[in-house]
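Visitor: Chains as they are written, first to last, in the working numbering: chain A, 111 to 223; chain B, 499 to 609. Using N, Cα and C, we set each Cβ at its ideal position, and we do this for glycine too. Fair warning: this is a prediction, and the values are worked out from it, not measured in the lab.
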Amino acid sequence: KAGVTQTPRYLIKTRGQQVTLSCSPISGHRSVSWYQQTPGQGLQFLFEYFSETQRNKGNFPGRFSGRQFSNSRSEMNVSTLELGDSALYLCASSLPSGSYEQYFGPGTRLTVT
Amino acid sequence: LAKTTQPISMDSYEGQEVNITCSHNNIATNDYITWYQQFPSQGPRFIIQGYKTKVTNEVASLFIPADRKSSTLSLPRVSLSDTAVYYCLVGDSQAGTALIFGKGTTLSVSS
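(1) Under 9 Å Cβ-Cβ, which residues of chain B neighbour G152 (chain A)?
(2) Give the straight-line distance between the Cα atoms of S579 (chain B) and S539 (chain B), rounded to the nearest whole angstrom.
(3) Exposed or buried, what is T148 (chain A) when buried is set at 16 or more other beta-carbons lying within 10 Å of its beta-carbon?
(4) Measuring only between beta-carbons, confirm whether L587 (chain B) sits less than 8 Å from chain A.
(5) Going straight from the alpha carbon of N555 (chain B) to that of S184 (chain A), what length do you get?
(6) Could you check whether the Cβ of S568 (chain B) sits closer than 7 Å to any heavy atom belonging to the ligand SAM?
(7) Looking at the C-beta of S539 (chain B), does it have a partner C-beta in chain A at a distance below 8 Å?
(8) So F544 (chain B) contacts chain A; which residues on that side make the cut at Cβ distance below 7 Å?
(9) Which stretch, first to last residue, makes up the beta strand (DSSP E) that contains S577 (chain B)?
(10) Identify the contact partners of Y530 (chain B) in chain A, using a Cβ-Cβ distance below 7 Å as the criterion.
(11) Going along the chain, which residues of its own chain have a beta-carbon closer than 7 Å to the beta-carbon of L205 (chain A), five neighbours each way excluded?
(12) Using a Cβ cut-off of 7 Å, pull out every chain A residue sitting near Q547 (chain B), in sequence order please.
(13) Are the CB atoms of Y145 (chain A) and F155 (chain A) within a distance shorter than 8 Å?
(14) Check for me: the beta strand (DSSP E) holding V188 (chain A) runs from which residue to which?
(15) So which residues of chain B does L198 (chain A) contact, with C-beta pairs closer than 8 Å?
(16) When you compare each of B:T502, B:S606, B:S577 to D529 (chain B) by their alpha carbons, which one comes out closest?
(17) To which residues does DSSP link E158 (chain A) through a beta bridge?
Dropping the structure here:
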């Protein structure tokens, strides 16, 4: 069974631009969560989607948004990029919603210049 | 979510057994204990999860005492490839799936 895939793997953007990251969960998994990882703040939860609905949201500004499609694929969008948004963005999927057994993708490395 | 405390770092040699202990004094009745492993520039990988006593899978064992205020991840006969950061998480899946990662334990395995 294929794992979680994320595209693109690397991205360079300029301050003020916006970016969209994509995540395809493991087949059959309906819950998708997004995390941001930086050296200073570590791994931080962004939001979780289940059946196209946002179930949970972390403490991030409204510039960070996401959505989930009927096939469980998910996208996250960051508008008006700031230098501090440079990070590894990780997507994780799980079979039931509410599971701590999550499977992470390889991440998208975003660099904002 | 229960707060967890782990050692910042540990060193070991190849072939040794490594035990990483996590303290979670205010664990709730419905909370499960979950461990993840992360290599640099990769997403965390689920290792093992348990509720009480002992759980074993093909890569690790998890020991949980009766009071559940701590847990120990045991890695048998570590190799260089086990060098990674290990995270202990405690929480109630009914409360949502927002995994809260602490700083984890950086395990360094030498030859």
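Guide: With the given structure in hand:
(1) Within chain B, the residues near G152 (chain A) are F599, G600, K601, G602.
(2) C-alpha separation (whole angstroms): 15 Å.
(3) By the Cβ-count criterion, T148 (chain A) is exposed, with fewer than 16 other Cβ atoms from all chains shown falling within 10 Å of its own Cβ.
(4) Yes, its Cβ sits closer than 8 Å to a Cβ of chain A.
(5) Each residue's Cα considered, the two are about 31 Å apart.
(6) With respect to small molecules bound, the structure shown includes none, and the ligand SAM cannot be examined in it.
(7) Closer than 8 Å to some Cβ of chain A, the Cβ of S539 (chain B) qualifies, so yes.
(8) For F544 (chain B), the residues of chain A that pass the 7 Å Cβ criterion are E211, Q212, Y213, in the order they occur in the chain.
(9) S577 (chain B): not part of any beta strand (DSSP E); DSSP gives it neither H nor E.
(10) Per Cβ cutoff of 7 Å: Y210.
(11) When the five nearest sequence neighbours on each side are left out, the beta carbons in the same chain lying within less than 7 Å of the beta carbon of L205 (chain A) are those of G138, H139, in order along the chain.
(12) Those within 7 Å of Q547 (chain B) in chain A are Y210, E211.
(13) For F155 (chain A) and Y145 (chain A), yes; Cβs fall inside 8 Å.
(14) Counting along the chain, the beta strand (DSSP E) containing V188 (chain A) begins and ends at 184-188.
(15) Residues of chain B passing the Cβ test: S539.
(16) Of B:T502, B:S606, B:S577, the residue nearest in Cα terms is B:T502.
(17) Beta-bridge pairing links E158 (chain A) to A:S143, A:N166.
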